[in-house]
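The structure appears below as structure tokens.
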Amino acid sequence: MATQICPKCKTDNFVWNIDEEETSLTKWSCLNCNYVVFENESDERNCLVCNHKSETKLKDNSTEFWWCSNCNTTTKSE
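In the working numbering, the protein residues as written are 63 to 140.
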């Protein structure tokens, strides 16, 4: 599985998995800083920076934001 850049620690250690017994959402975890967020795959849009349809909404315990898996930018969720 390819890794992505973690939006928290900025290392190339961000991976996803789906455990339907735990949640119906996609779980993203950083292997470096142990940051965990959940993605609802129905929340997808074109990235405001690179314009690819690769920006999804991620949510942790306190924050919800848009994250682009193509250019690794984050945008506050409105």
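Using N, Cα and C, we set each Cβ at its ideal position, and we do this for glycine too.
Query                                                                                                                                                         : Result
Identify the residues that DSSP records as bridge partners of T125: which are they?                                                                           : Bridge partners of T125: none, in fact.
Applying the criterion that 16 or more other CB atoms from any shown protein chain within 10 Å of the CB defines a buried residue, is K119 buried or exposed? : buried
Between the region 104-115 and the region 77-85, are three or more C-beta pairs nearer than 8 Å?                                                              : no
Note down the Cα distance separating E83 from C92, rounded to an integer number of angstroms.                                                                 : 21 Å
Note the first and the last residue of the continuous beta strand (DSSP E) segment covering S116.                                                             : Neither: S116 is in no beta strand (DSSP E) and is coded neither H nor E.
Of the residues N94, K89, S86 and L87, which one's Cα is nearest the Cα of C68?                                                                               : N94
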